[in-house]
Structures are given as C-alpha cells and as structure tokens.
Amino acid sequence: MPAPSLSREEVAQILLSEFRRSGYEGASLSSLSAATGLGKSSLYHYFPNGKVDMGRAAIEVVGQWMREKVIPLLTSDAEPEKRLKRYFAAMSDFYAKGTLPCLTDLFTIGEAAGYFQQQFKQNIGNIVKLIAAVLEDAGFAPAEAVRRAEDGMVMLHGALVVSRAQGSTAVFTRVVRGIPDMLLAP
C-alpha cells in the first residue's frame, strides 16, 4: 500500500468539515473515506480506534485553533470590551456567520455523547472561566461574571441554532454582535 499523501492534521481538518456537514452519527466510515479521499484502511492507519478517534481528531483541530487564535483574544491586555468583541467576532467567523454547526451540538447527542460529552463540558467550562475573567476585569463580582459568561455562551450557541433553523444568518449576526454589550451592561 502506498503511503498516504495527506498528513494526519490535514485529514483531521477534512474530517471536521465532514462531521460539521453530516453530524457524528450521520457521518459513516464510507462518507468519511470519500471526504478524505482515503480508503478505510488508510483512515484506520491514522485513527486505529476508528470513528471515535476521528471525532477526537476533529475536536483537536478546533481546540488547536482556539488555543492559537481565540484564547489569546480573551487573555490579552486589551480593555475588556475589546477582548469580548474580538472573541465573539472570531467565533462568528468560526461558525461562518451562523452557517456552520457547532461540534458541541453535534457531538453531545446520541451515541457521540458517551464518547465526547465530558470533553465538551470541560471545554465550555474553560471558555466560561476565561470570559468570566474578562468580566471580572470589567468590574463584576466573580459569581456575577460567571453567570454572565454562561449567558454569553447560551446566546452564542442559541443564536447559531435559531439561525440555522431559519436558514438565515441575520439572527446570528445581530445577537453575536450584541453579546459583548449585553454582558457588560450594568
């Protein structure tokens, strides 16, 4: 068998796109193979535990992007309002202005929940802590900052679901643009 021409990271990026298109349960090994252009045996070469490893690799692609591109926006020295605006703008870009689904939604239902829910619980908890730290910098008490950070996550993901259901990005764009002001309102 010839050596695969794609790196594991390139394959993981393609898998992320296929999972976002089909969901975890909707993505079959055949569709994942077709999306990557790799035979099933080549996929197993990269991901010995099959679809679960492929899901973990897709989650890692998102995690790497978050660590490199998004977390620094929340932890910078900029004013809290700028940090929040930059963070939510980056998340809007990640969701293609509301047209792409969230892995949190796709990977925490059905069969996938057993494999991935704890990971997403931890990931969301970490983001909530980072947003809460920004809100504390803006003067909110710790408990209030956490509550508002959770509300921000609910607004972001709720707007994503509603926009996708309506087939229009208008709700997502409006809500995400307004989240920083809502979180910082007295």
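In this note's numbering, the protein residues as written are 44 to 229. Even glycine gets a Cβ: it sits at the ideal position worked out from N, Cα and C.
Sixteen is the threshold: since fewer than 16 other Cβ atoms of the shown chains lie within 10 Å of the Cβ of K172, the residue is exposed. The continuous alpha helix (DSSP H) containing M198 extends over residues 185 to 209. The three-state reading of DSSP puts F150 in coil, since its state is none of H, G, I, E or B. In this structure, the beta-carbon distance from P223 to F137 does not fall below 8 Å. Every unbroken stretch of the alpha helix (DSSP H) spanning 4 or more residues and falling wholly within the region 82 to 163 is given here in chain order: 83 to 89, 94 to 108, 114 to 118, 123 to 137, 146 to 149.
In the three-state DSSP reduction, A70 falls in the coil class, being neither helix nor strand. In the three-state reduction of the DSSP assignment, S50 falls in the coil class, being assigned neither a helical nor a strand state. Contact between Y89 and A155 does not hold, since the beta-carbon distance rounds to 19 Å and is not under 8 Å. Around the Cβ of K83, a 10 Å sphere holds fewer than 16 other Cβ atoms; the residue is exposed. In this chain, the alpha helix (DSSP H) harbouring P223 covers 213 to 227. Under the three-state reduction of DSSP output, G182 falls in the coil class, being neither helix nor strand. Excluding sequence positions up to five before and after L199, its CB lies within less than 8 Å of the CB of F131, M134, V218, V219, I222, all in the same chain and listed in chain order. Around the C-beta of T151, 16 or more other C-beta atoms lie within 10 Å, and the residue is accordingly described as buried.
Rounded to the nearest angstrom, the Cβ distance from L59 to V113 is 15 Å, too far for a contact under 8 Å. Secondary structure at G168: helix, using DSSP grouped into helix, strand and coil.
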